[in-house]
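First the structure, in the form of structure tokens, and then the observations on it.
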Amino acid sequence: MSETGGESNAIDTLADDIDKEQLDQLHAATLKASDSCFEIKKLCATVLVPTGVLVSFFADKRLDASVFLVGIVVVAAFWFADSVGFFYQRKLRVAMIPLWERRASRCKHFYIHVPRPKPVGAFRAAFNSSMYYYLILAGALALGWTFYALGLIESPPTQSGT
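This is the structure we're talking about:
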């Protein structure tokens with residue numbers, strides 16, 4: 047084996063190691079973004095109920111439209127935060143493609159398993175299957191608000207003079 051062949055293999059090995067390290071770092075960042083998206087969903091559920099109780103307390107402990115409106119605003123804020131996390135999670139996955147392709151090009155065997163995630167825009171980040179949770183919450187709040195506006199649900203009468 048010639049020295050240039052050995053140097054080429056050493057360079058390829060070094061390049062593979064560098065690309066692998068970058069892929070590992072991008073993968074770790076992607077997992078972190080995914081974890082935070084899940085935590086945002088849990089936090090939304092945790093914040094939604096106390097927010098409704100707090101708003102009703104300031105509305106003289108009566109159900110009114112502000113409870114539903116604030117609930118929808120809370121859901122929308124968490125939906126936006128989760129969408130941003132999803133957007134950057136996809137950006138990180140797309141950033142990994144050139145690294146996979148470089149590693150595949152140095153592979154002696156035909157390598158076809160390069161992941162191909164599609165780039166995602168802001169609209170797709172906000173409206174994808176992982177965001178159904180927020181759509182269901184917002185829909186339930188909107189339905190409750192509609193029932194309230196139609197008089198199908200209301201606050202119990204206040205006890206006066208007791």
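Numbering (the numbering used here), first residue to last: 47 to 208.
Every residue, glycine too, gets a C-beta built ideally from N, C-alpha and C.
query, result
"4-residue-minimum alpha helix (DSSP H) runs that sit fully inside the segment 150-185, ordered along the chain", "168-172"
"Distance CB(Y194)-CB(L72) smaller than 8 Å", "no"
"DSSP-derived helix/strand/coil call for E200", "coil"
"A61 vs I118 beta-carbon contact at 8 Å", "no"
"Through-space distance from A75 to V121, alpha-carbon basis", "26 Å"
"Buried versus exposed, by CB contacts within 10 Å (16 or more), R136", "buried"
"C-beta atoms of W146 and V166 nearer than 8 Å", "no"
"CB of K87 within 8 Å of CB of Y178, strictly", "no"
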